[in-house]
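A short write-up of the structure that comes next.
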Amino acid sequence: MRAADRDRGAAVVDFVLIMVLLVPLVLGIAQVALVLHVRNTLAAAASEGARSAAPLGATPADGVERTRTMIRRALDDRYADDVAASLTTIGGVPGAEVEVRAKVPALGLFGPAVSVTVRGHAVREVEP
Numbered sequence: 006m007r008a009a010d011r012d013r014g015a016a017v018v019d020f021v022l023i024m025v026l027l028v029p030l031v032l033g034i035a036q037v038a039l040v041l042h043v044r045n046t047l048a049a050a051a052s053e054g055a056r057s058a059a060p061l062g063a064t065p066a067d068g069v070e071r072t073r074t075m076i077r078r079a080l081d082d083r084y085a086d087d088v089a090a091s092l093t094t095i096g097g098v099p100g101a102e103v104e105v106r107a108k109v110p111a112l113g114l115f116g117p118a119v120s121v122t123v124r125g126h127a128v129r130e131v132e133p
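Straight run, no breaks: the sequence shown in the numbering used here ends on number 133.
This is the structure:
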């Protein structure tokens, strides 16, 4: 029996064995990227909402509306359901805080979800 005959069909086995390892690895990396993208987008929207609630005459409702608008532009509407804003103090200075809570899919786009909570802060303008 020649060496070429013994190796016949080995490429298929090698391909299958490598794909069994490689496909879940690539899908896992893509899933982590999706979760981080959603979390970072929510954090950016919360920060922008806090800055919208910070100017003189603005209210926390302005911050909530701005945050929801930013989330809806970048992601799905379901991520903008639980948004809250409040007036607070940051290091003894008046400030605004926007908090966003959302469930991010942990396995695929429609799989089980992980809760994510992000907050954005901004220093409020006050009358002199």
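Quick reminder that beta carbons are idealized off the backbone N, C-alpha and C, glycines included.
Could you give the DSSP three-state label for residue i: helix, strand or coil?
i	result
PRO133	coil
GLY14	coil
PRO29	helix
PRO65	helix
LEU22	helix
GLY113	coil
ASP87	strand
ALA127	strand
ASP82	helix
ALA59	coil
I believe residue i touches residue j by the beta-carbon criterion, under 8 angstroms. Please report the beta-carbon distance rounded to the nearest angstrom.
i	j	result
THR72	VAL105	6 angstroms
LEU114	TYR84	In fact, because the Cβ distance is near 13 angstroms, the residues do not count as touching under 8 angstroms.
VAL69	VAL103	7 angstroms
What's the gap between the Cα of residue i and the Cα of residue j?
i	j	result
ASP87	LEU80	14 angstroms
GLY125	THR93	12 angstroms
GLY116	PRO133	52 angstroms
ALA49	VAL131	24 angstroms
ARG56	ARG129	8 angstroms
ALA90	LEU112	30 angstroms
GLY14	LEU27	20 angstroms
GLY97	LEU39	37 angstroms
GLY100	MET75	21 angstroms
THR64	GLN36	37 angstroms
Which one or two residues does DSSP pair with residue i in a beta bridge?
i	result
GLY92	Residue 92 is actually Leu in this sequence, not Gly. Per DSSP, ALA101.
ALA107	VAL121
Check whether the stretch 40-59 and the stretch 96-114 are in contact - that is, three or more C-beta pairs closer than 8 angstroms. By the Cβ test, the stretch 40-59 is in contact with the stretch 96-114, since at least three Cβ pairs between them sit closer than 8 angstroms.
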